[in-house]
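Novice: Just so you know, the protein sequences line up as chains A and B, in that order.
Quick note: to get my numbering, add 246 to the position in the first sequence (first position is 1).
Counted from 1, the second sequence has number 72 at position 84 by my numbering; the numbering is strictly sequential.
Quick one: the structure is below, questions incoming.
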Amino acid sequence: MNDFIQHTINGLALGSIYALVALGYTMVFGVLQLINFAHGEIFMMGAFSGLYFARYALPAGTQPSIGVTLMVVVAAMIGSAVLGVIIEKFAYRPLRKAPRINILITAIGVSLLLQYGGQLIFGASPQFFPTILPRQNIDLGGDIFLDTNQITIFLLSFVLMVILQYLVFKTQFGRSMRAISHSLETANVIGINVNKVIFITFIIGSALAGAAGVLYGVAYPKIDPLLGLLPGLKAFIAAVLGGIGNITGAVIGAVLLGLSETYVAGYISSTYRDALAFVILILVLLLRPGGILGSKKIEKV
Amino acid sequence: MDTLTVSDLAVNYGNVQALKGVSFKVPKGQIVSLIGANGAGKTTTLKAISGACASKGTVMFHGQPTTGMESYKLVGQGLIHAPEGRGIFPNLTVMENLQLGIVGRHSAKVNFQKNLEDSFKLFPRLQERITQMAGTLSGGEQQMLAIARALIGEPELLLLDEPSLGLAPQVVKLIFDIIVRINKEKQVTVLLVEQNAKQALKISHYAYVLETGKISLEGKGSDLLNNEDVKKIYLGEH
Ligand SMILES: Nc1ncnc2c1ncn2[C@@H]1O[C@H](COP(=O)(O)OP(=O)(O)OP(=O)(O)O)[C@@H](O)[C@H]1O
Ligand SMILES: [Mg+2]
Chain A
247 MNDFIQHTIN GLALGSIYAL VALGYTMVFG VLQLINFAHG EIFMMGAFSG
297 LYFARYALPA GTQPSIGVTL MVVVAAMIGS AVLGVIIEKF AYRPLRKAPR
347 INILITAIGV SLLLQYGGQL IFGASPQFFP TILPRQNIDL GGDIFLDTNQ
397 ITIFLLSFVL MVILQYLVFK TQFGRSMRAI SHSLETANVI GINVNKVIFI
447 TFIIGSALAG AAGVLYGVAY PKIDPLLGLL PGLKAFIAAV LGGIGNITGA
497 VIGAVLLGLS ETYVAGYISS TYRDALAFVI LILVLLLRPG GILGSKKIEK
547 V
Chain B
-11 MDTLTVSDLA VNYGNVQALK GVSFKVPKGQ IVSLIGANGA GKTTTLKAIS
39 GACASKGTVM FHGQPTTGME SYKLVGQGLI HAPEGRGIFP NLTVMENLQL
89 GIVGRHSAKV NFQKNLEDSF KLFPRLQERI TQMAGTLSGG EQQMLAIARA
139 LIGEPELLLL DEPSLGLAPQ VVKLIFDIIV RINKEKQVTV LLVEQNAKQA
189 LKISHYAYVL ETGKISLEGK GSDLLNNEDV KKIYLGEH
């Protein structure tokens, strides 16, 4: 039983990181009907922005603290958002009226460019993510531990998701974004500045991935430019599982994926852990292609 | 001055010439309608005016050419389009749809509350349903919502694309009555696209008949109602 609780805590923490990344996939898909394959690299950019910020922008001898962590997170969010809007403006916007397949190929191209460009700029060998958070295990009794990193993950992702919920459901931006996800053409004709809304969507989605990049770097402190590949794919699968385009769905899918990965690693074997996401993807596509909360309307990409 | 002047408007979709040089005008304060069969190019005309599709020719709004202007900017100037098929957002609530009525029209923001109440006076049914998802409204209610949303943006020119499509006769009558009312009471200039030629001509000051991308006939609404060709082809009389 205690094992189970411990796995659940770990799974929820992993799921929260996936959720922050999955939200970006699903929001961009909502407005552009596009799988932004470069989103994993936007997440990677967050981890590296955080790393370089911590290494060079903080005065030498800065002690790990919550405040430092928050500063690094903000720096990473900015780094990722900048990359996200550059991709939007220069790679996707010129193709707004192009056939879907052209945009898809571009997305894959941008992703590869960033993976290998990242190796050029950041170096191919892994770097250690600096300790920005005082590491402490809190004993909850009965061999169950909650570490400060997990607490930070829970709190930060919770706060970010509450802010997102507000933006999406209570502001004119959010209404516009949801209107575009129903019909870009109608949204345009009734006076929504479609390009501006898509731009802001990329900022928000990318910033969330940037925050996730730091949380990931803190949890698994060896980072390299290919870092976005697997978590990116898994977050994408989480978004599909929840119903791509659906914001609540992305969070549910991500938490389910984080939990199942942790249970599989804990009870069966960690060798199967990474394969699990793909098994889930295949099952979802076969059994319920719209995902848990998704609409019935599906299109092959 | 004319609110809208369209000259030689042409639109191609690939090889299809949807509009082959269409010219007409909408004088301030009037209801002008554009009637024609399926595929004549009515919707295309409205889209071109709204900047929603590429076109050749000139469109002047308040005497200024709109060439190259994006739709949201035109909406900002009061050129407001209630698109074909109602164009409401089914995944948003009724209230959220109405709130989008001012999304591109900043000058209408200050009057939002008042315009909202005015719309509820025109369409009391909407007020009872503000928290409902717009997709769950009946067809007639969705059309009311589309018109209400357009009115909340305080249009100087209202483009209406087949507001009576698929509605029961009483609802059609209600919608046409409302169009006349907003024209009379709020001095909104209207460009109305309709297949329901009879009703449209009845309320129009002036009308144009569009036939496969060209204007084939024009005249006062009442004159066209009595025109033999119009009677035969569009009013189903023999
Ligand atoms: N996006 C498009 N791509 C290709 N052809 C189009 C497109 N939109 C319209 N057309 C063609 O242009 C012509 C005019 O279409 P339009 O929608 O303007 O007609 P309409 O008069 O509004 O018809 P309806 O009364 O059926 O709404 C039609 O032949 C139509 O098939
Ligand atoms: Mg039409």
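Built from N, CA and C at the ideal position, the CB exists for glycine as well.
1) Taking Cβ-Cβ distances shorter than 7 Å, what residues in chain A pair up with histidine 69/B?
2) Assuming contact is defined by CB atoms lying nearer than 8 Å, are valine 178/B and leucine 212/B in contact in what I supplied?
3) Counting only Cβ-Cβ distances shorter than 8 Å, please list the residues of the region 22 to 41 of chain B near chain A, keeping chain order.
4) Does the CB of glutamate 545/A have a neighbour CB from chain B at under 8 Å?
5) Going by the C-beta, is lysine 30/B closer than 7 Å to any heavy atom of ligand 2?
6) Please classify phenylalanine 77/B: does DSSP put it in a helix, a strand, or coil?
7) Does the Cβ of glutamate 72/B lie closer than 7 Å to at least one heavy atom of ligand 2?
8) Using CA atoms only, rank isn't needed, just tell me which of Ser311/A, Asp520/A, Gly451/A is closest to alanine 265/A.
9) Name, please, each residue of chain B whose Cβ falls closer than 9 Å to the Cβ of proline 425/A.
10) Please identify the residue among Gln411/A, Leu472/A, Gln382/A whose C-alpha is closest to the C-alpha of proline 372/A.
11) Buried or exposed for serine 95/B, please, with buried defined as at least 16 other CB atoms from any protein chain shown within 10 angstroms of its CB.
12) List the whole-angstrom C-beta distance separating alanine 353/A from asparagine 282/A, where the pair is believed to meet the contact cut-off of C-beta under 8 Å.
13) Expressed to the nearest angstrom, what Euclidean distance is found between the alpha-carbon atoms of glycine 92/B and proline 477/A?
14) Classify glutamine 361/A as buried or exposed, calling it buried when 16 or more other Cβ atoms lie within 10 Å of its own Cβ.
15) Could you tell me whether any non-hydrogen atom of ligand 2 is closer than 7 Å to the CB of glutamate 199/B?
16) With 16 as the cutoff for other CB atoms within 10 Å, does isoleucine 528/A come out buried or exposed?
17) From glycine 2/B to valine 10/B, what distance separates their C-alpha atoms?
18) For alanine 465/A, which option in Val328/A, Leu532/A, Pro380/A, Met291/A has the closest C-alpha, if you only look at C-alpha atoms?
19) For a test of the three-state rule: what should DSSP assign to valine 176/B, helix, strand or coil?
20) Can you tell me the Cα-Cα spacing of proline 78/B and glutamate 142/B, whole angstroms?
21) DSSP state of glycine 537/A, grouped into three classes?
22) Run through DSSP, which three-state label would methionine 48/B get?
23) Who pairs with threonine 398/A in a beta bridge, going by DSSP?
24) Got a sec: does ligand 1 put a non-hydrogen atom nearer than 7 Å to the Cβ of glutamine 229/B?
25) To the nearest angstrom, report how far apart isoleucine 438/A and threonine 377/A are at their CA atoms.
26) For a test of the three-state rule: what should DSSP assign to lysine 219/B, helix, strand or coil?
27) Comparing C-alpha positions only, which one of Gly474/A, Val274/A, Leu454/A, Glu507/A sits nearest to methionine 552/A?
28) Can you tell which of Ala188/B, Leu133/B, Ser43/B, Val218/B has its C-alpha closest to the C-alpha of aspartate 165/B?
29) Can you tell me which of the three DSSP states leucine -8/B falls into?
30) Short of 8 Å Cβ to Cβ, which residues in the region 197 to 220 of chain B face chain A?
31) Give the secondary structure of tyrosine 196/B by DSSP, where H, G and I count as helix, E and B as strand, and everything else as coil.
32) Please report how far the alpha carbon of asparagine 0/B lies from the alpha carbon of serine 43/B, in whole angstroms.
33) I'd like to know if the region 417 to 424 of chain A and the region 494 to 507 of chain A are in contact, where contact means that at least 3 CB-CB pairs between them fall below 8 Å.
34) Per DSSP, phenylalanine 12/B forms a beta bridge with which residues?
35) Can you give me, in chain order, the residues of the region 484 to 517 of chain A that have a beta carbon less than 8 Å from any beta carbon in chain B?
Specialist: Result, derived from the coordinates:
1) Taking the beta carbon of histidine 69/B as reference, the chain A residues within 7 Å of it are Val435, Ile436, listed in sequence order.
2) Result no, Cβ atoms of valine 178/B and leucine 212/B do not sit closer than 8 Å.
3) Lys35, Ser38, Ala40
4) Interpretation of glutamate 545/A is limited by its pLDDT of 46, a score under 50 that renders its predicted location unreliable; no figure is taken from the coordinates.
5) Correct: lysine 30/B has its Cβ closer than 7 Å to ligand 2.
6) coil
7) yes
8) Gly451/A
9) The amino acid occupying residue 425/A in the given sequence is alanine; proline does not appear at that position. Simply Phe77, Asn79, Leu80, Glu84, Asn85, Leu88, Val91.
10) Leu472/A
11) Around the C-beta of serine 95/B, fewer than 16 other C-beta atoms lie within 10 Å, and the residue is accordingly described as exposed.
12) Correct: roughly 6 Å between the Cβ atoms.
13) Roughly 38 Å between the two C-alpha positions.
14) buried
15) It does not: the Cβ of glutamate 199/B is nowhere closer than 7 Å to a heavy atom of ligand 2.
16) A residue is called buried when at least 16 other Cβ atoms come within 10 angstroms of its Cβ; isoleucine 528/A does not meet this threshold and is exposed.
17) 18 Å
18) Comparing alpha carbon positions, the residue from Val328/A, Leu532/A, Pro380/A, Met291/A closest to alanine 465/A is Pro380/A.
19) Secondary structure at valine 176/B: coil, using DSSP grouped into helix, strand and coil.
20) 23 Å
21) coil
22) strand
23) Here threonine 398/A is not bridged, per DSSP, to any residue.
24) This structure does not reach residue 229/B, given that chain B is present from -11 up to 226, and the question cannot be answered.
25) In this structure, the straight-line span from the alpha carbon of isoleucine 438/A to that of threonine 377/A is close to 44 Å.
26) helix
27) Absent from the model: residue 552/A. The displayed extent of chain A is 247 to 547, so no value can be given.
28) Ala188/B
29) strand
30) If the cut-off is 8 Å between Cβ atoms, the region 197 to 220 of chain B has nothing near chain A.
31) strand
32) 7 Å
33) no
34) By DSSP's assignment, phenylalanine 12/B forms a beta bridge with Val(-6)/B.
35) none
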